[in-house]
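Asks: Protein chains in written order, with this note's numbering: chain A, 1092 to 1422; chain B, 7 to 335. Note that the Cβ used here is the ideal one computed from N, Cα and C, for glycine as well. I have a structure here, written as C-alpha cells, and I will follow up with some questions on it.
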Amino acid sequence: MKNILEVQNLQTSFFTHVGEVKAVGGVSFQVGVGEAIGIVGESGCGKSVTSLSIMRLLTYPGQIVGGSINFAGKDLVKATEKEMQRIRGNEISMIFQDPMTSLNPVFTIGNQIMEPLMRHQKLSRSEAKAKAIEMLRLVGIPSPEKRAAQYPHEFSGGMRQRVMIAMALSCQPKLLIADEPTTALDVTIQAQILELMKELKEKINTSIILITHDLGVVAEVCSRIIVMYAGIIVEQGTREDIFYNPRHPYTWGLLKSIPHIEAEKKERLIPIDGQPPDLLKPPAGCPFYPRCEHAMEICVEQRPPYTDLSPVHKAACWLLHYNAPKVERGN
Amino acid sequence: MSRNKVLLQVNSLKKYFHISRGFFGGDKTVLKAVDDVSFHINRGETLGLVGESGCGKTTIGRTIIKLYEATAGSIVFDGQDITHLSQTEMLPYRKRMQMIFQDPYASLNSRMTVGDIIGEPIDIHNIAKGQERKEIIQELLNKVGLNSEHANRYPHEFSGGQRQRIGIARALAVQPEFIICDEPISALDVSIQAQVVNLLEDLQNDLGLTYLFIAHDLSMVKHISNRVGVMYLGKLAELTTSKELYKKPLHPYTKALLSAIPVPDPKTADSKQRIILEGDVPSPMNPLSGCRFRTRCPYAGNICSETVPELQEVESGHWVACHLVHKIN
Ligand SMILES: Nc1ncnc2c1ncn2[C@@H]1O[C@H](COP(=O)(O)OP(=O)(O)OP(=O)(O)O)[C@@H](O)[C@H]1O
Ligand SMILES: Nc1ncnc2c1ncn2[C@@H]1O[C@H](COP(=O)(O)OP(=O)(O)OP(=O)(O)O)[C@@H](O)[C@H]1O
Ligand code: SF4
Ligand code: SF4
Ligand SMILES: [Mg+2]
Ligand SMILES: [Mg+2]
C-alpha cells in the first residue's frame, strides 16, 4: 500500500506564559491510501494538536518545533500558507472537535457549506446551493432547504457536528481527518455517518484518520489503531492487535475501563487511577509510570524504546525488554 | 427542608421556537423542540435521557432550569411550581439546581482563570471567602481529576475533556441537590469517563444528589441510570428501568438504537446484526401526522399516520408510545 501521509517525529509545543507545553513529543506514523486509522488516548494526550499540526492550523502560542509531515510527496511543515490554503478543505479536510468555534456565527449554515465549494471546486452559486442542500440531506438533517437558511446557534449540538461533516465530505478529500466526528450523535445517526465515511473510502479511496474516545467506533471503522499517551504514541497495531493482544499497560487500562452493556449486575467501573502528567514538565522516563502498576526503577529514569512485536505492531514499554519480568495483563 | 419523595415533576412540557426564514425565502414556522413531555425524578435517583440528536434533550434541561421559558406545561421542583417564577424568586432554586453543559468550549468564560470560573458561583451564593474559598476550589479540582496548579490557567489552555471537568467542578461548587448533566462525558476518553461517572455516583451516595443524565452513550446511560427515557423528535417514546429497557426494549426506535451501538470488539463488530433505519428524519418544523417515527419505522401501519400514540404503561413501570406495541413484541 502506498502512503498518503507519513508523519516523522512530529513535535509541537505551546509557548505559554508559564513555560513550554510539549503537547506532541515526537510522533511517527503513516496512513496508507484508502486506509482508515484510529487515534485513541486520554483526553489532553495530543490527538487534536497532532491533527491541527498536520493541517497547519495551530494558533499562537502553538508551534511545530520538529519533525516532518509528508503528504502526497510534500512536507507540510515547510509549506507556505498559500499552499496550505489550497490543500485545506480540498485535498485534506478536517471535521473539528468543536463545531461551534469552527462555524462562523454570523453566516448561515448554507452559505458556510457553499463557500468552499465555490472557491475550490469552482461551482456556481446555484450549483453550490443545490450541493449544500444535498449534503445536508445526506448527513440526515431534515428539511435541509429551510435549515440551510438558519444560523449555527439555532442548531442542536449534534446537528452542528453534522454540518461540519457535510462540509468536510463535500469536497471529496484525499485525506479526511475526523476529530471526534460522532460524539454528539445518537447511535442510529452515527451508524449512518460512519457508513458515509466508509463509502467515501471505498468509492474514491479517501484515507481517514479518525480520532475518537469510542473504542466501539474504531473497532468498526479502522483497520489500524494508534494509542497515544501524554504526547507520544505508546502502542500501535492492527485493530486485532490492540483489542486482542495489547501489550502496553495503558492500553490494558483503557480496555478495562469501558462499561459492558451486557453486564447483568451493576459493577463499579475501573478507571485508570491518577492523572496524566503535566506536559509543562513531562517526566524523563515513561510518561505513564506514575499511574502504572507495573512500573520499575528504569521506567522513572529512561524513556522506554519501541519494541517491534510484528511489522505493524509496536509498543513503548520496558516490560517488553528481554530482561524484564514477565507480566500478564490483568482482568 | 421539605422531604418530597419526588424531587422534580415535569408535566406536559412544551417548548416551541419561532423560526422565520427559508433558504429560498418563505414564511414563519414553529419548531416544536419539546412537545408534551411528562416525567418525574425521585430524590436520589438518576433518570437517563437518550435520543436522536436534535430531539430536544438539551431544550428540556434548559427549560427546567429556566434558561428557556416553557411554552406550556409545568415544572415542579420539590413541591413548588417554578414554571412562572421571576428571576429573583428563582435565585434560591438556582443554587439547588445546576446544569453541566454539553459544549465545554462555549460554556466557559475564556477571560477568566479556571480558579475564578469555579469560584464564581461560590461568590454569587456567598459560600466562602479567602483561604477557605481557595481550598474549596483546589478540592474541587482534585475531585474532578485536575491539578491544583491548573487554577491559574485559562480555559483555552485545556483540551476538550479537561474543560468538561472544569464545568463539572463549577457545577459542584454550590453543593446542589439536583444536577442536569448534559452529555457530561461525551468529550472525555473512556478512562476519564469511568472516573467522572464513579465521581458522580460517589457524590450521589454521599450527598444524596439527584441527576437528569443526558447522553447518547447507551452503555454509560445504562450503567449510571435507575430509569431511562428514550426521546424521539420532542416526545418520549419509551420510559422504564434501565435494566428492563436493555433486556426488553418494546418501542421500534429503542430496538434500533440498541442494535446500532458500536461494540468495542472487532469480531462482534464485524458480525453484529444491525437494524439499519431507512427513511428521513422528519423535521420538528413540519409536524407529521400520527406517530413521528413512522417515516423510519419498519412496522408502521395505517393507524400510525392517523393518531399520535400516547405514552402508556404497557407493563408495570414500563411506558411505551406505540400503537402496535402488542403486535410487534
Ligand atoms: N493553546 C494552548 N495553550 C497551551 N496548551 C495547550 C493549548 N492547546 C492545547 N494545549 C495542551 O496540549 C495538550 C494536548 O491537547 P489536545 O487538544 O491535542 O488533546 P486531545 O488529545 O485532543 O484531548 P481531548 O480528547 O480532550 O480532545 C493538552 O495537554 C493541552 O493542555
Ligand atoms: N435557541 C434556539 N432557537 C431555535 N431553535 C432551537 C434553539 N435551541 C434548540 N433549537 C432547536 O430545537 C431542537 C432541539 O434541540 P436540542 O438542542 O434540545 O436537541 P438535543 O436533543 O439536545 O440534541 P443533541 O443530542 O444534538 O445535543 C432542534 O431542532 C434545534 O434546532
Ligand atoms: S515502561 Fe514502565 S511505567 Fe511505562 S508502561 Fe511500561 S512498565 Fe509501566
Ligand atoms: S406507532 Fe406505528 S410508526 Fe410509531 S413506532 Fe409504533 S408501529 Fe412504528
Ligand atoms: Mg481533542
Ligand atoms: Mg443537546
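Does the distance from the CB of ALA243 (chain B) to the CB of TYR259 (chain B) come in under 9 Å?
Replies: ALA243 (chain B) is a Cβ neighbour of TYR259 (chain B), given a cutoff of 9 Å.
Asks: Cβ closer than 7 Å: which chain B residues qualify as neighbours of MET1250 (chain A)?
Replies: SER59 and GLY60
Asks: Assign GLU1293 (chain A) to buried or exposed, taking buried as 16 or more other Cβ atoms, counted over all protein chains shown, within 10 Å of its Cβ.
Replies: exposed
Asks: Relative to ligand 5, is the shortest distance from any of its heavy atoms to the C-beta of GLN1252 (chain A) smaller than 8 Å?
Replies: Taking 8 Å as the cut-off, one finds no heavy atom of ligand 5 near enough to the beta carbon of GLN1252 (chain A).
Asks: I need the straight-line Cα distance from VAL1391 (chain A) to ALA1407 (chain A), nearest angstrom please.
Replies: 14 Å
Asks: Of all the CB atoms in chain A, is at least one closer than 9 Å to the CB of PHE45 (chain B)?
Replies: no
Asks: Please indicate yes or no: does the CB of CYS1136 (chain A) lie closer than 8 Å to some heavy atom of ligand 3?
Replies: no
Asks: Look at the alpha carbon of MET291 (chain B) and the alpha carbon of HIS1304 (chain A), and state the distance between them as a whole number of angstroms.
Replies: 33 Å
Asks: Name the residues in the region 1228-1241 of chain A whose C-beta lies less than 9 Å from a C-beta of chain B; which are they?
Replies: ARG1228, GLY1231, ILE1232, PRO1233, SER1234, PRO1235, GLU1236, LYS1237, ARG1238, ALA1239, ALA1240 and GLN1241
Asks: For ARG1330 (chain A), which residues of its own chain have a beta-carbon under 8 Å away from its beta-carbon, when the five flanking residues on both sides are left out?
Replies: Excluding its 5 nearest sequence neighbours in each direction, ARG1330 (chain A) has C-beta neighbours in its own chain below 8 Å: GLY1129, VAL1309, ALA1310, CYS1313, SER1314, ARG1315 and ILE1316, listed in chain order.
Asks: Just by C-beta distance, which residues in the region 1310-1332 of chain A are closer than 7 Å to chain B?
Replies: ALA1310, GLU1311, ARG1330 and GLU1331
Asks: Give a yes or no on whether the C-beta atoms belonging to PRO1368 (chain A) and PRO1378 (chain A) are separated by under 9 Å.
Replies: yes
Asks: For TYR1242 (chain A) and MET1250 (chain A), I'd like the C-alpha separation in whole angstroms.
Replies: Between the alpha carbons of TYR1242 (chain A) and MET1250 (chain A) lies a distance of about 12 Å.
Asks: State buried or exposed for GLU145 (chain B), treating a residue as buried only when at least 16 other CB atoms are found within 10 Å of its CB.
Replies: exposed
Asks: Would ASP264 (chain B) pass as a contact of PRO255 (chain B) if the rule is Cβ separation under 9 Å?
Replies: It is worth fixing the name first, because residue 264 (chain B) is Leu in this sequence and not Asp. Yes, these two residues count as a Cβ contact at 9 Å.
Asks: Who are the near neighbours of GLU1419 (chain A) in its chain, counting only those whose CB is closer than 7 Å to its CB and skipping five residues on each side?
Replies: There are no such residues.
Asks: Just the chain B side, please: which residues come within less than 9 Å of PHE1334 (chain A) by C-beta, in chain order?
Replies: PRO270, ASP271, PRO272 and LYS273
Asks: By how many angstroms is the C-alpha of THR89 (chain B) removed from the C-alpha of GLY79 (chain B)?
Replies: 8 Å
Asks: Among A:VAL1131, A:MET1092, A:GLU1097 and A:LYS1093, which residue has its Cα nearest to the Cα of GLY1322 (chain A)?
Replies: Nearest of A:VAL1131, A:MET1092, A:GLU1097 and A:LYS1093 to GLY1322 (chain A), Cα basis: A:VAL1131.
Asks: By how many angstroms is the C-alpha of LEU178 (chain B) removed from the C-alpha of CYS187 (chain B)?
Replies: 11 Å
Asks: Report yes or no: is there a C-beta of chain A within less than 9 Å of the C-beta of LEU263 (chain B)?
Replies: yes
Asks: Sort A:VAL1118, A:TYR1341 and A:GLU1126 by Cα distance to MET1092 (chain A) and report the nearest one.
Replies: A:GLU1126
Asks: LYS1357 (chain A) CB to nearest chain B CB: under 9 Å?
Replies: yes
Asks: Counting only runs that start and end within the region 1172-1203 of chain A, where is the beta strand (DSSP E) found for 3 or more residues in a row?
Replies: 1183-1186
Asks: Take ILE123 (chain B) and list the residues in its own chain whose beta-carbon comes closer than 8 Å to its own, dropping the five residues that flank it on each side.
Replies: LEU114, ASN115, PRO161, ILE172 and ARG176
Asks: Strictly below 8 Å CB to CB, what residues from chain A border PRO288 (chain B)?
Replies: PRO1233
Asks: When you compare the CB positions of SER1104 (chain A) and LYS1113 (chain A), do they come within less than 9 Å of one another, or not?
Replies: yes
Asks: Could you have a look at LEU242 (chain B) and say whether DSSP puts it in helix, strand or coil?
Replies: strand
Asks: Alpha carbon to alpha carbon, how far is MET7 (chain B) from GLY85 (chain B)?
Replies: No answer about MET7 (chain B) holds up, because its pLDDT of 49 lies below 50 and its placement is not dependable.
Asks: Who are the near neighbours of ILE191 (chain B) in its chain, counting only those whose CB is closer than 6 Å to its CB and skipping five residues on each side?
Replies: GLN199 and VAL202
Asks: So what does DSSP say about ASP351 (chain B), is it helix, strand or coil?
Replies: With chain B running from 7 to 335 in the structure shown, residue 351 (chain B) is simply not present.
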